[in-house]
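Under UniProt numbering, residues 1 to 241 are what the sequence shown spells out, in order.
We put the beta carbon where it would ideally sit given N, CA and C, even for glycine.
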Amino acid sequence: MEYKDISSSTVTEELLREMIMELKDGDQLPSQRELVEKLQVSRNAVKYALARLQKEGDIRVKNRQGIRVNKKIDVNLLGMRPLSSELGESNEQIQQLSAKVINTPNSLESFFESTTKRTLELKRLRLYKNQPFSFEIAYLDAQRFEKLVDFDFNNYSLYKALKENYGVQPTYGYETITCVLADESLRRTLQVEEGKPLYQVDSFNYEENDVPVEHTVQYLIGSNFKYHFKAKNIFDYQEDL
Numbered sequence: 001m002e003y004k005d006i007s008s009s010t011v012t013e014e015l016l017r018e019m020i021m022e023l024k025d026g027d028q029l030p031s032q033r034e035l036v037e038k039l040q041v042s043r044n045a046v047k048y049a050l051a052r053l054q055k056e057g058d059i060r061v062k063n064r065q066g067i068r069v070n071k072k073i074d075v076n077l078l079g080m081r082p083l084s085s086e087l088g089e090s091n092e093q094i095q096q097l098s099a100k101v102i103n104t105p106n107s108l109e110s111f112f113e114s115t116t117k118r119t120l121e122l123k124r125l126r127l128y129k130n131q132p133f134s135f136e137i138a139y140l141d142a143q144r145f146e147k148l149v150d151f152d153f154n155n156y157s158l159y160k161a162l163k164e165n166y167g168v169q170p171t172y173g174y175e176t177i178t179c180v181l182a183d184e185s186l187r188r189t190l191q192v193e194e195g196k197p198l199y200q201v202d203s204f205n206y207e208e209n210d211v212p213v214e215h216t217v218q219y220l221i222g223s224n225f226k227y228h229f230k231a232k233n234i235f236d237y238q239e240d241l
């Protein structure tokens, strides 16, 4: 590839990003040949620009379906809104995979404190526009939230159930985000290829006075999400010592 193609492909990529901003999720882009004519650039420039956009998850390219826009879901990392609110309930489905009481995992003893011997483990799959995008495992104190053991969480928010049944609503928490590769189990659940990059988001949520409510592990398809920080005063955010 010549240097002029690299420069041209960078310009082409920026032009395509501007085009994508004006389109909706799922809208179709022109074919490669049409883009060459429209943007007045080489075919190589279009090819390399599209390859980068596809790798970053901004477009989807499938045989016989052409090039389609893939709008990522933008989530505020510092927010306490449930994921259902970020997505819009009309576009989301929640499938309950299992709910059972287990011995509190050793890794959560410090979060729940030593008095919590048994926890409710709730596994759910979220679908956005009929496509899997998030697999999550929530842990709650089984004795405190006993009613939730037999609760039907299909298409029902966990936070809504906590508020309606117990008057409990998390007021603050923290999250850690790591990148993992889909193993065989996650591949089957999320219907992705093995080894696909995923976000693993571990959240720890509390009521006032540091009372633990729930811990959730989420596995999110990386090409569907982007995270941002939005704080009015960054000096208000500090770690507890």
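Euclidean distance between Cα positions of residue i and residue j
i           : j           : result
residue 60  : residue 110 : 43 Å
residue 8   : residue 15  : 11 Å
residue 2   : residue 21  : Residue placement at residue 2 is poorly supported in this model, since its pLDDT is 45, which falls under 50; the coordinates still yield a value, given next. Whole-angstrom Cα-Cα distance: 29 Å.
residue 38  : residue 68  : 17 Å
residue 106 : residue 141 : 14 Å
residue 222 : residue 199 : 6 Å
residue 130 : residue 92  : 8 Å
residue 234 : residue 176 : Any reading at residue 234 needs caution, since the residue's pLDDT is 46, under 50, leaving its predicted position unreliable; the model's value is listed next. If you take the alpha carbons of residue 234 and residue 176, they lie about 18 Å apart.
residue 135 : residue 168 : 24 Å
residue 128 : residue 98  : 20 Å
residue 112 : residue 188 : 31 Å
residue 156 : residue 10  : 44 Å
residue 190 : residue 148 : 25 Å
residue 104 : residue 115 : 10 Å
residue 36  : residue 53  : 16 Å
residue 64  : residue 102 : 47 Å
residue 28  : residue 34  : 12 Å
residue 40  : residue 100 : 60 Å
residue 207 : residue 56  : 37 Å
residue 159 : residue 26  : 30 Å
residue 51  : residue 62  : 13 Å
residue 209 : residue 150 : 28 Å
Identity of the residue in the options nearest residue i by Cα
i           : options          : result
residue 218 : 154, 144 and 139 : 139
residue 182 : 133, 56 and 12   : 133
Own chain partners of residue i with C-beta closer than 8 Å, once the 5 adjacent residues on each side are dropped
i           : result
residue 58  : 17, 20, 69, 70 and 72
residue 5   : Because residue 5 sits at a pLDDT of 45, beneath the cut-off of 50, its placement in the model cannot be relied upon, and the following sentence gives the value as read from the coordinates. The answer, listed in chain order, is 42, 44, 45 and 48.
residue 66  : 28, 29 and 31
residue 179 : 197, 198, 199, 200 and 222
residue 211 : none
Sequence-distant residues of its chain with Cβ nearer than 7 Å to residue i (five each side left out)
i           : result
residue 205 : 170, 173, 213 and 214
residue 145 : 120 and 166
residue 163 : 169
Neighbourhood of residue i by C-beta, 6 Å cutoff - its chain only, sequence neighbours within 5 removed
i           : result
residue 24  : none
residue 216 : 136, 138 and 203
Range covered by the beta strand (DSSP E) that runs through residue i
i           : result
residue 68  : 66 to 69
residue 214 : 212 to 221
residue 242 : Missing from the structure shown is residue 242; the chain here goes from 1 to 241 and no further.
residue 165 : Taken as a continuous stretch (DSSP letters only), residue 165 belongs to no beta strand (DSSP E), being part of the alpha helix (DSSP H) at 158 to 166.
residue 200 : 197 to 206
Nearest-angstrom beta carbon gap, residue j and residue i [assumed within contact, 8 Å]
i           : j           : result
residue 153 : residue 125 : That pair is no contact at about 11 Å.
residue 96  : residue 118 : Not quite, the Cβ-Cβ distance comes to about 20 Å (not below 8 Å), so this is no contact.
residue 184 : residue 193 : In fact, because the Cβ distance is near 11 Å, the residues do not count as touching under 8 Å.
Residue i, enclosing alpha helix (DSSP H) - first and last residue
i           : result
residue 142 : That residue, residue 142, is in no alpha helix (DSSP H); it is neither H nor E in DSSP.
residue 53  : 43 to 55
residue 189 : 184 to 190
residue 35  : 32 to 39
residue 109 : 109 to 112
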